[in-house]
Structures are given as C-alpha cells and as structure tokens.
Amino acid sequence: MPFTPNRKFKQSPRLIVGSEGVHYDMADGSRVLDGIAGLWCVNAGHRNPRISAALKAQIDVLDYASSFQIGHPAAFTLAQRLSEMAPAGMNHVFFTNSGSESVDTALKIALACHRARGNAGRYRLIGRERAYHGVGFGGISVGGIGRQRSTFGPLLNGVDHLPHTHDLARNAFSRGEPGHGIDKADALESLLALHDPSTVAAVIVEPVAGSTGVLPPPRGYLRRLREICDKHGILLIFDEVITGFGRLGTNFAADLFGVTPDLIATAKGLTNGAVPMGAVLMRDEVHDAFMHGSVSAVELSHGYTYSGHPLACAAALATLDAYTQDGLIAQSAALAPYFEECLHALRGLPGVIDIRNLGLLGGVELEAWASGPGMHAQAVAQHCLDNGLLVRPVGETIALSPPFTLERRHVDQIVDTLHAAIKQTV
Ligand code: PLP
Numbered sequence: 015m016p017f018t019p020n021r022k023f024k025q026s027p028r029l030i031v032g033s034e035g036v037h038y039d040m041a042d043g044s045r046v047l048d049g050i051a052g053l054w055c056v057n058a059g060h061r062n063p064r065i066s067a068a069l070k071a072q073i074d075v076l077d078y079a080s081s082f083q084i085g086h087p088a089a090f091t092l093a094q095r096l097s098e099m100a101p102a103g104m105n106h107v108f109f110t111n112s113g114s115e116s117v118d119t120a121l122k123i124a125l126a127c128h129r130a131r132g133n134a135g136r137y138r139l140i141g142r143e144r145a146y147h148g149v150g151f152g153g154i155s156v157g158g159i160g161r162q163r164s165t166f167g168p169l170l171n172g173v174d175h176l177p178h179t180h181d182l183a184r185n186a187f188s189r190g191e192p193g194h195g196i197d198k199a200d201a202l203e204s205l206l207a208l209h210d211p212s213t214v215a216a217v218i219v220e221p222v223a224g225s226t227g228v229l230p231p232p233r234g235y236l237r238r239l240r241e242i243c244d245k246h247g248i249l250l251i252f253d254e255v256i257t258g259f260g261r262l263g264t265n266f267a268a269d270l271f272g273v274t275p276d277l278i279a280t281a282k283g284l285t286n287g288a289v290p291m292g293a294v295l296m297r298d299e300v301h302d303a304f305m306h307g308s309v310s311a312v313e314l315s316h317g318y319t320y321s322g323h324p325l326a327c328a329a330a331l332a333t334l335d336a337y338t339q340d341g342l343i344a345q346s347a348a349l350a351p352y353f354e355e356c357l358h359a360l361r362g363l364p365g366v367i368d369i370r371n372l373g374l375l376g377g378v379e380l381e382a383w384a385s386g387p388g389m390h391a392q393a394v395a396q397h398c399l400d401n402g403l404l405v406r407p408v409g410e411t412i413a414l415s416p417p418f419t420l421e422r423r424h425v426d427q428i429v430d431t432l433h434a435a436i437k438q439t440v
C-alpha cells in the first residue's frame, strides 16, 4: 500500500465502504467526518450529484478515446473551461492522470520550451526543501523530502534546492501568510550566482506546501521569486495540486497572491477525486515557443495513454460546474475566517507549538515525541479516527483540508475532536 506501514495496517485494517457529503462510512459501521477531503481532493463533497450523474451518462456514450493524433470534443471543452478559470494569459492545457505526472510534465515542458527557443543550455531545475511534488523521478528530484530522495539513487542531474520557509521562532501562530521570510526568496539569487543563471530552466514551488506541514508562504515571498525568475529568464512553476480549484478561496493560489507563474501543475480537485486526472496549465508564450520553434512535426514528445480520458473529462467538467455554478469556491472563501478562528482556539493546549492556516487549509504542529519522528501526530490522528474524524498526520503536523461543503457545525466537530485528542494524547 502506498505510503503506509503495511505490516501495521494488516494487523488492524481501516476500511472505507461508503461516502456521502462530508462523511465516510467505515467497514465497522462507524461514520467519520472527512477532515482532509479524501486526500486533499474531494473539494465538492463525496458523491457530489453533478459529478456522479456526469460519469453515469458518459460511460454509456464514449468509454475511451486516445489523444494521440486524434481527440474527442470534451477534452477541448475542458481545456477551454480551464483556461477561462486560469490567470489571464494561461490559455493552454496538457492533460495528465495525477499530480506526479503533472509535475513531471511541467518540468519537461519547461526544459523543452527553452530548447525550442534555442536555449538548450538551460537544463537546471530548482526546487525547495520540504517540498512534495509527487513520486515521479522528476518530482522527487526537485522535491525536498530526504527519505523520499535518498532511497532511490542519484535522481536527476542539475537540480538544486531553495531553503524551506518554515520558521517557528519568528512566525509561530501566524494567521494566513507569515510576516517573516521574504529573505528566503533571495536565496534564489545565491543559487543562481553559484550555478550561472543562464543554465537554469525553471524554479518549482508549491505556493503553500501541503504534505510537509501546511506552510503558507511568507508575505511577499512568491512575488520576489517571480521577480528574480523574470530578471534571469527562468520559468516559474507553481505546483497547485492541492491549492488549485478553490482550496484557498480563489480559483488558484496564483490569484490569491497576485503572482502568475509560467506553468501550473494541477490534479486532485480537478475531478473532485472521482476519476484520476491532472492538468498542466501554461502561459501562451510557453505554448507558442513549441509552435514557432519546434523542428519536428510532433512539437512535444510526451503524453499518456489516458491523457484527456473521456470519463475524467466528464468528471472534471461537472466538478468545475460545482465549483463555479454551485458557488463552492465562494463557499470555501466564506467559511475560511470561521475555520481560522476555531483552529486557533487550540492554541495553548499541551504540546501545540504552532497553528497555521490559509483558506480551508490548516495545520496544527505538535511537539515531537522522543519515541520517534511523527509519532505524536500519528497518535493524535488515531485518536481522532477512533472518535469519528479523519485528519492527516504529516510529520509533526495534523493537516486539515476539508470539503468546501463543510458547515460550521462540522468545523466545531473537527476542533472539539482535535481538542480532546490533543489533551488525551500526551
Ligand atoms: N504535488 C503536490 C503539491 C501534492 O500535494 C501531491 C500529492 O499530494 C502531488 C504533487 C502528487 O500527486 P499524485 O499523488 O496525484 O501523484
């Protein structure tokens, strides 16, 4: 099983047998509030009627169509819808099947874009410590999680990392973007001086790092990265696999921060998790480099058998309707202040060393136990599950990323359950 202590799981399997709205039904008959939207993806609630109906209708019309040198209309309709939602000037889309594939696709597009422009010498990629960009070789190379890198050999050549932005000493218990840390973006200039900026193809960051503890960016940080990339002709990639599609109350994190990258990697919330799908959105200039600069008939030698799968397109179109026509992104934005208020009420509990939040993303960081990394958060998460709440332990942090259909009483339940779990797990 992926990212699972398999031996422990077999001893007491946790099995989900059904879902509805903001809840899961467990095999033991219990009902659990889903505080993490499946795995940061079921933003529009489980078994959203729009999405279920679209999938049922699609399977009876067109089951599969290749996207290699042929196509089907829904993929183009979806691409059009995505470019309408995306920041201005990002009118081109490449479909994948997951966040990992979107990240690797974005990195490859960045490298190939420079080559198409006649700059094949731009081959370096810069990621960041404490970044999670999925599990492809590209993603773990630019990713910043030691254990996920060291196990798999030398990885990609020519990769370096910015320092992470987590700074408890200066920023603990900030609400939203922390005030300190714009200087961490200046580290990019130091890396460029070390490597020669003309060798660097792209910088990739999660606007808010999710899986390494919910780390909102310091105020001004992303804008500073954008400025430095522009100064040196480097492409900026946002990994919005978690932050895309309303998680922060705006279509994309790029909208919230007012910083437009060159490429956005997405997945998860794109189909509400109902069918695997990812998409890479890109600026027109990136796309046009291939159309004007490529010497071969196939401008980009890349793609997946299931790129733009008809079922995934149907799910995604219905999901985007839920976000926009049913007002779910607005609902996410409207609930965020209450979510923030309730979450920060946990301050002062024993072992709570930081609380972070932005939009409907939250993190409660706990003091590490001597028994091992992450043990404290895992114990709290287990206590929550035993008491009807699914949360995600990521390192020493309890991560929250609930569906946008959450009501205030559910927020209260999350915080009450966490409160009890933290107090009783000491
Ligand atoms: N990028 C980010 C920021 C993620 O959070 C994730 C998954 O959590 C991924 C990439 C990988 O996505 P997937 O598991 O769909 O490959």
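The numbering of the sequence shown is my numbering, which starts it at 15 and goes up by one.
In this text, a Cβ means the ideal position worked out from N, Cα and C, and glycines have one as well.
| Asked | Found |
| --- | --- |
| Three-way DSSP call (helix, strand, coil) for P19 in this model | coil |
| Where T110 falls, given that 16 or more other Cβ within 10 Å makes a residue buried | buried |
| Close-in-space but distant-in-sequence residues of the same chain around E34 (CB under 6 angstroms, 5 per side omitted) | H60 and R61 |
| For H209, the three-state DSSP class (helix, strand or coil) | helix |
| Whether G287 touches V56 by CB criterion (8 angstroms) | yes |
| Close Cβ partners of G263 (< 6 angstroms) along its chain, the five nearest in sequence each way excluded | S346, A347, A350 and G373 |
| Beta-carbon proximity of I412 to A395, cut-off 8 angstroms | yes |
| Local conformation of M389 per DSSP, three classes | helix |
| Simplified DSSP state of G160, which is helix, strand or coil | helix |
| Separation of H194 from R184, as counted between CA atoms | 7 angstroms |
| N-terminal and C-terminal residue of the alpha helix (DSSP H) that H175 is part of | Note, H175: premise wrong, no alpha helix (DSSP H); beta strand (DSSP E) at V173 to L176. |
| Residue interval of the alpha helix (DSSP H) (run including F90) | P87 to M99 |
| Sub-8 angstroms separation of T439 and A393 beta-carbons | yes |
| Short Cβ contact (8 angstroms threshold) for V408 with S225 | yes |
| C-alpha gap between H323 and G113, whole angstroms | 15 angstroms |
| Per DSSP, the bridge partner or partners of L414 | G376 |
| Element boundaries [alpha helix (DSSP H), containing I73] | P63 to I73 |
| Helix, strand or coil at G52 according to DSSP, with G and I counted as helix | helix |
| Residues of its chain near Q162, where Cβ-Cβ distance is below 7 angstroms and the 5 sequence neighbours each way are ignored | I154 |
| First through last residue of the alpha helix (DSSP H) which encompasses M305 | D298 to G307 |
| H178 Cβ short of 7 angstroms to the ligand PLP heavy atom set | no |
| Proximity below 8 angstroms, CB of N265 to CB of I367 | no |
| Boundaries (first-last residue) of the alpha helix (DSSP H) holding H424 | R422 to Q438 |
| Euclidean distance between Cα positions of A207 and L170 | 21 angstroms |
| Own chain residues within Cβ distance below 6 angstroms of G148, not counting five before or after | G113, S114 and V117 |
| DSSP three-state assignment for V312, whether helix, strand or coil | coil |
| Interface flag, A199 vs chain B, CB-CB below 8 angstroms | Absent from the structure is chain B; it holds one protein chain and no more. |
| H397 versus I436, H106, L420 and R422, residue with shortest Cα-Cα distance | I436 |
| Candidates A88, C243 and A130: closest to D302 by CA position | A130 |
| Spatially closest choice to L11 from L414, L182, L325 and G103, by CA coordinates | The requested residue 11 does not occur in the structure, where the chain is confined to residues 15 to 440. |
| Unbroken alpha helix (DSSP H) run spanning I343, endpoints | L342 to H358 |
| Counted within 10 angstroms of its Cβ, other Cβ atoms place F23 as buried (16 or more) or exposed | exposed |
| Continuous beta strand (DSSP E) stretch holding T110: start and end | H106 to T110 |
| Three-state secondary structure assigned by DSSP to H37 | strand |
| Residue nearest to D335 in terms of C-alpha spacing, selected from A58, E379 and G160 | A58 |
| Residues that P407 bridges to, as DSSP identifies them | I412 |
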